[in-house]
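Participant:
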Amino acid sequence: MPLEIITIPCLSDNYAYLAHDAQSGDTAVIDIPEAAPILKAAAKRGWKITHVLVTHHHWDHVGGLDEVLATFPDARVFGARADLERLPPLHVALDEGDTVSIGAETGTVMDVSGHTLGHIAYYFADSDVVFTADSLMALGCGRVFEGTKPQMWESLSKLAALPGNTVVCSGHEYTQANARFALTIEPDNPALISRCKEIDAARAAGNPTVPSLLSVELDTNPFLRAAIPSLQRHLGMDGADPSQVFAEIRSRKDNF
Numbered sequence: 036m037p038l039e040i041i042t043i044p045c046l047s048d049n050y051a052y053l054a055h056d057a058q059s060g061d062t063a064v065i066d067i068p069e070a071a072p073i074l075k076a077a078a079k080r081g082w083k084i085t086h087v088l089v090t091h092h093h094w095d096h097v098g099g100l101d102e103v104l105a106t107f108p109d110a111r112v113f114g115a116r117a118d119l120e121r122l123p124p125l126h127v128a129l130d131e132g133d134t135v136s137i138g139a140e141t142g143t144v145m146d147v148s149g150h151t152l153g154h155i156a157y158y159f160a161d162s163d164v165v166f167t168a169d170s171l172m173a174l175g176c177g178r179v180f181e182g183t184k185p186q187m188w189e190s191l192s193k194l195a196a197l198p199g200n201t202v203v204c205s206g207h208e209y210t211q212a213n214a215r216f217a218l219t220i221e222p223d224n225p226a227l228i229s230r231c232k233e234i235d236a237a238r239a240a241g242n243p244t245v246p247s248l249l250s251v252e253l254d255t256n257p258f259l260r261a262a263i264p265s266l267q268r269h270l271g272m273d274g275a276d277p278s279q280v281f282a283e284i285r286s287r288k289d290n291f
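Take any residue in the sequence shown, note its place counting from 1, add 35, and you have its number in the numbering used here.
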């Protein structure tokens, strides 16, 4: 039985997620920007938080952890071994390829370093969901703060290779701004033009644009499309190595 996923707006533009296994009652929270909305969402459903899955060390992804643990002191905290010194205390340190079980569901850890070193994602194949935080985002990707652009391209390529029906649960409501930038890279992409209209309508109605489908990201997200000939042509980079094209796109976004 697939995990039940709840998207929780936090702070001004962050998202946290609850992932619940109905059979066992296990409930994981993926990142904790702030505690109050997460605790409220869990209480509303009568769920007990048993797992905390941390993606990276930035304050807006771990800031509410202590308060959540005060309410659920038996919850086990998982995070990247590579970032052990900067993360809150962990019960379980994870490397790429390790697994995390929420009830009967097993998730695989993916190293998606770039935005930070030691950033990880959690992919639950049976539930067709991946929690990407600030690596792959809706119509975007995280700024490369600590890693290198080739490293970030490698991380995004791993995520892009997942099945197209994978639901991408990312960490921020940046989609509308990402859409404006994406149109400067692929102004003639009909799928992108259509998606931008849908995004504007959703935000005008106060609705979130996250999560998104990986298949939609592959058709519209310029950061996943660096190997597409028409995109390369628009940038004047015909036949260039995709990692170089990605680096150019990321540099343009940094200055957009």
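For every residue, glycine included, the Cβ atom is placed at its ideal position computed from N, Cα and C.
No experiment lies behind these values; they were computed from the predicted model shown.
By DSSP, does Ile41 sit in helix, in strand, or in coil?
Facilitator: DSSP, reduced to helix, strand and coil, places Ile41 within a strand of the structure shown.
Participant: So what does DSSP say about His269, is it helix, strand or coil?
Facilitator: In the three-state scheme derived from DSSP, where H, G and I count as helix and E and B as strand, His269 is classed as helix.
Participant: Run through the segment 179–227 for me and flag every whole beta strand (DSSP E) of 3 or more residues, listed as ranges in chain order.
Facilitator: 202–205
Participant: Terminal residues of the continuous alpha helix (DSSP H) containing Leu46?
Facilitator: Counting along the chain, Leu46 falls outside any alpha helix (DSSP H), and DSSP gives it neither H nor E.
Participant: Leaving out five residues before and five after Phe216 in sequence, what residues of the same chain have Cβ atoms less than 7 Å from its Cβ?
Facilitator: Lys288 and Phe291
Participant: Between Arg260 and the rest of its own chain, which residues show a CB-CB distance below 6 Å, the 5 nearest in sequence each way excluded?
Facilitator: Leu266
Participant: Need the endpoints of the alpha helix (DSSP H) that Ser286 sits in, please.
Facilitator: Pro277 to Asp289
Participant: What residues match up with Val87 in a beta bridge as DSSP calls it?
Facilitator: Val64 and Val112
Participant: Using the beta-carbon count (16 or more within 10 Å), is Phe159 buried or exposed?
Facilitator: buried
Participant: Classify Asp133 as helix, strand or coil using the three-state DSSP reduction.
Facilitator: Looking at Asp133 - three-state DSSP - the assignment turns out to be coil, as it is neither helix nor strand.
Participant: Let me make sure I understand the geometry here. Which of Tyr209, His269, Gly182 and Met172 has the alpha-carbon closest to that of Leu194?
Facilitator: Met172
Participant: Could you pull out every residue in the same chain whose Cβ sits closer than 6 Å to the Cβ of Ala226, ignoring the five residues on either side in sequence?
Facilitator: Excluding positions up to five away in sequence, the list reads Asp254 and Thr255.
Participant: Are Leu129 and Phe113 closer than 7 Å when you measure CB to CB?
Facilitator: yes
Participant: Would a C-beta distance cut-off of 7 Å place Ile234 and Thr210 closer than the cut-off?
Facilitator: yes
Participant: Using only CA atoms, which one of Gly199, Gln58 and Cys231 lies nearest to Trp4?
Facilitator: Residue 4 lies beyond the stretch modelled for the chain, which goes from 36 to 291, so this question has no answer here.
Participant: Rounded to a whole number of angstroms, what is the C-alpha to C-alpha distance between Arg230 and Ile220?
Facilitator: 15 Å
Participant: Mark Ile273 as exposed unless 16 or more other C-beta atoms lie within 10 angstroms of its C-beta, in which case mark it buried.
Facilitator: Checking the sequence, you will find Asp at residue 273 rather than Ile. Answer is exposed; the Cβ neighbour count stays below 16.
Participant: Which of helix, strand or coil does DSSP assign to Asp95?
Facilitator: Helix at Asp95.
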